[in-house]
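Visitor: First the structure, which I've put down as structure tokens, then a few questions once you've had a look.
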Amino acid sequence: MFRSYAFLLALLAFSFATRAQSRFGFEYRAAAKVVEGTDTLSNAWAGGLNTPQFSHIDLDNDGRADLFAFDHESSRVYTFLNVAAPGTTAGRRWQYAPQYESIFPDSLRNWVLLRDYDCDGRPDIFTYTSGGNIAVLRNVLANGRPSFQRAFSQLRFSGNFSGTANLNIGAYNLPAIQDVNGDGKLDIMSYDFVASVVIEQYINTSPGTCGSALTFARTATQWGDLRACGACAEFGIGTAPCFTAAKTTHTGGHNLLLVDLDGDGDQDLLDGRDNCPELTRLLNQGTTAAPLLTQAGISASFPSAATPARVPVFPAGYLLDANFDGTPDLVVAPNMLTNQADQVSMRNNVQLFTNAAATGAPAYTNQAAGFLQNTMIDVSEGAAPTLGDIDGDGLPDLLIGNHADRVNNVYRAALAYYRNVGTRARPVFQLVSRDYLGLSAQNLQGLKPMLVDLNRDGALDLAYAAWGLATNQIYYILNTARAGQPASFDPAAVRTFKGQGSGTTTPPTNPSLTDGTLPYRQGDMPFFTDVDNDGYVDLLIGTNEIREPGMALRYFRNRARGPLDSAFVLVNNDFGRIRDANGARPLNLAPAVADFDGDGLPDLVTADASGYLRLFSNFRAQSAALFTERTDLIYNPLKASYEPARLGLDVYAHYGLTAADLNGDGAPELLVGTQAGGLLSFGTINRTTTATRAEAAAALALSIYPNPAIATATVETAQPTRLTVLDLTGRVVQTLGTAQRRHALTLSGLSPGVYLVRAVGNDGATAVQRLAVQ
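Residues -20 to -1, 1 to 754 (mature numbering (1 follows the signal peptide of the UniProt record, and there is no 0)) make up the sequence shown, in order.
Given below as structure tokens:
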């Protein structure tokens, strides 16, 4: 009986897994090779890095140390496998492996360090929890993979007082959780929670050799008699006055790392301070029990005056075997909460100092290329991609706008241009310029571009939303080249769109709809697509606008007459009535439209500050009511199931979405620009190609010949139909509005690729068929 029951459970599990696999969704997939200079980026589509906190962990249970990173700014988890790399110096490399990210709880915030507290060889999670406490989650192996169970919701310590107290370090101090005194147990050192002026030391007093009970005694309330003074790299020892040159006074947290820097057997400290660039060395010239600090042992030029560890703001150090030689190296990265006030460059900030000493004092050498960030697309922060043929070769190229980057001491946005130098089936993006068209000279921020044919001449124009330091506007530059030729954009000819009041063809959803002004909040995200299927591109805007009535997604219809800058009229200021899990408007919403699921009808995908992707299938059919969404979109092959996207949670995060068929397989790829300045790439799986209303579609007997075609094609149907030709992003490229049984399509203005021909009968019956243009 038991065997039968077990067999039934296994059969049901298999059935559910099979059903899950047959559903439409997305999976992480590298969309193309990416080349910058002479380097092919090995983790091009990992999403960029801003404020990563690094730890080692064996993710795939192969006995090798893999890599975990937690981004302080976005609360996003990254996972990388340690894989073979024949032909390289180390013979190994780090490979982005997002299928392991959902192993980690989505509740992680502020700081996360992986440390093995129970001596089972598997690192456990130490992290911030409410009230400034430290939570510990035990790593329990399940199905050959790590899983985490909460073991401690807070840690406690004893001291020169009766009883015990919470070991509270706050949200902004990154502690050193390491063995301080060499007894094999994890101890903790951190700046004090209240003022971040003195370093407190907590020694693990748990019984036994492992210390897994995690009880602590505070053995120092001012380690080494040291106090942090008001300026960067400024300290006082004992009652002596503060030393180092006077600088701007700062407050805030500290990041600590313990390393025996001089090889004398006790632990020294590396200290990174908020609002400061230096990673300061604090040498313990005494003993573990009686630390001694002197002015000579404190240096802000570590590891050397020639190549000091410097990041623009709040450096943190991590010990990792980054180059696979068995010796711990030093990785340094910024650890601030946001870049809102500092406005520094977030590119090339993850530094690597390899250690050439197998034993004794480490011998650090700076590696100019940095660590991991140099293997990714990274445009500083707030990446917003768009795809389209810029050079006229028929292949989609890539433009990426950013929120901003500090270049030549100016914090401004720019467009990065990656030309597609590959083939239709094998795209390769080659970096051409980090400041395409010189748009940085406009001193904008939050640049969100889109390549779209605005004036229906067959050539892609450039539209972009950007913050002009006073208001947000949507700009456009018309392409003066003919269709199929290299684009010609003149930045001096830039224009802006103007909202033209409320629409008259469709009643607005919100009765308090006012004059239809285009949203003008920083971070507004436009997307041009034909919403009403009339052959003209309309405008969707994701916005946080509150000065004009409305919610997160606004729909402006193209009225198809008058000047282009006045073409868009507000129809619906709460399009789809999109809400987050709490029923509130989603912040920083970004839309994109394409036929993702393959039914011949456009779908809407959004991203927002919650870190979720949302899919609204065939959104046109839902436009009169609340959109029906799906968030379990990402197929995880490790679990053979769908799960929500893990983009991070950050109220400051802005995402950018775009879609196009990059590899000629007839299905669009989805690119997601992240706040960390990089791109994630998703392909579709279990995509259908079933025409809508199958019986009625069959009755139309849609036929296209020749197919593939070069210059012209004939379309025939059994009854009179109107035709629309769309590319795979849902963009209308040709419309034949007169209903007839035979249509002649002129294809000379279309780039080679796959298109959708949609035929609609007078009774609404619809059929869709692919047309390959050569």
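Quick reminder that beta carbons are idealized off the backbone N, C-alpha and C, glycines included.
Note that the structure is a prediction, hence the values are computed from the model and not measured.
Kindly identify the DSSP beta-bridge partner or partners of Thr476.
Guide: Tyr455
Visitor: Please report how far the alpha carbon of Ser661 lies from the alpha carbon of Trp74, in whole angstroms.
Guide: 18 Å
Visitor: For Phe196 versus Leu206, is the C-beta distance shorter than 9 Å?
Guide: no
Visitor: Tell me the residue span of the beta strand (DSSP E) that contains Lys428.
Guide: 425 to 432
Visitor: Hey, Ser55 and Arg89: beta-carbon distance below 9 Å or not?
Guide: yes
Visitor: From Val737 to Ala747, what does the alpha carbon distance come to, in whole angstroms?
Guide: 8 Å
Visitor: Going by DSSP in three states, Ala561 sits in which element: helix, strand or coil?
Guide: coil
Visitor: Judging by CA-CA distance, which residue of Gln480, Tyr8, Asn119 is the nearest neighbour of Gly101?
Guide: Among Gln480, Tyr8, Asn119, the Cα nearest to that of Gly101 is on Asn119.
Visitor: Report the CB separation of Leu659 from Gly27 in whole angstroms; it is logged as a contact under 8 Å.
Guide: 7 Å
Visitor: Just checking: is the beta-carbon of Asp377 within a distance shorter than 9 Å of some beta-carbon in chain D?
Guide: Included in the structure is just one protein chain, with no chain D present.
Visitor: So Cys212 and Arg253 are supposed to be a Cβ contact under 8 Å. How far apart are they, rounded?
Guide: 6 Å
Visitor: Note the first and the last residue of the continuous beta strand (DSSP E) segment covering Trp91.
Guide: Careful: Trp91 lies outside any beta strand (DSSP E) and carries neither H nor E.
Visitor: Do you know offhand how far Gly218's Cα is from Phe137's?
Guide: 25 Å
Visitor: Are there 16 or more other CB atoms within 10 angstroms of the CB of Ser492, so buried, or fewer, so exposed?
Guide: Note that Ser492 has pLDDT 45, beneath the 50 cutoff, so the model's placement of it is unreliable and no number is given.
Visitor: For the candidate residues Tyr398, Gly464, Tyr632, Asp309, whose alpha-carbon lies nearest to that of Ala337?
Guide: Asp309
Visitor: DSSP has Arg750 in a bridge; who is on the other side?
Guide: Leu736
Visitor: Measuring only the C-alpha atoms, how far is Gly243 from Thr144?
Guide: 35 Å
Visitor: What span of residues does the beta strand (DSSP E) with Met505 cover, start to end?
Guide: 505 to 509
Visitor: Is DSSP giving Asn354 helix, strand or coil here?
Guide: helix
Visitor: Count the other CB atoms within 10 Å of the CB of Gln181; is the residue buried (16 or more) or exposed (fewer)?
Guide: The Cβ neighbour count for Gln181, taken over all protein chains shown within 10 Å, is at least 16; the residue is labelled buried.
Visitor: Which parts of the stretch 349 to 410 are runs of the beta strand (DSSP E), unbroken and 3 residues or longer, counting only runs that do not cross its ends?
Guide: Fully enclosed beta strand (DSSP E) runs of 3 or longer: 364 to 368, 377 to 381, 385 to 387, 390 to 392, 395 to 400.
Visitor: Got a sec, what are the start and stop residues for the beta strand (DSSP E) Leu727 sits in?
Guide: Run containing Leu727: none; DSSP gives neither H nor E here.
Visitor: If you compare alpha carbons, which of Tyr76, Asn568, Gly515, Val551 is closest to Asn524?
Guide: Asn568
Visitor: Using CA coordinates, which residue listed in Leu449, Val511, Tyr152 is at the minimum distance from Val712?
Guide: Val511
Visitor: Decide if Ile690 is buried, meaning its Cβ has at least 16 other Cβ atoms within 10 Å, or exposed.
Guide: exposed
Visitor: Considering Arg600, what are the terminal residues of the beta strand (DSSP E) in which it resides?
Guide: Judged by DSSP secondary structure, Arg600 falls outside any beta strand (DSSP E); it is assigned neither H nor E.
Visitor: Just curious, the beta strand (DSSP E) that residue 770 is in, first and last residue?
Guide: It is not possible to answer for residue 770, since the shown part of the chain is limited to -20 through 754.
Visitor: Nearest-angstrom Cα distance between Asp19 and Tyr58?
Guide: 22 Å
Visitor: Taking a contact to mean a Cβ-Cβ separation below 9 Å, would you say Asn184 touches Ile168 in this structure?
Guide: yes
Visitor: In terms of residue numbering, what span does the beta strand (DSSP E) encompassing Trp447 cover?
Guide: 441 to 447
Visitor: Tell me the DSSP secondary structure of Ala572 in three-state form.
Guide: Here Ala572 carries a strand assignment [DSSP, helix/strand/coil].
Visitor: Using the Cβ count rule (16 or more neighbours within 10 Å means buried), how would you classify Ile526?
Guide: exposed
Visitor: In whole angstroms, what is the alpha-carbon distance linking Gln465 and Val753?
Guide: Each residue's alpha carbon lies about 17 Å from the other.
Visitor: Check the DSSP bridge columns for Pro290 and list the partner residues they point to.
Guide: Residue 290 is actually Arg in this sequence, not Pro. Glu258.
Visitor: Return the residue from the list Arg626, Thr694, Pro700 that minimises the CA-CA distance to Phe6.
Guide: With distances taken between Cα atoms, Phe6 lies closest to Arg626.
Visitor: Ile114 and Pro155 - do their beta-carbons sit closer together than 9 Å?
Guide: yes
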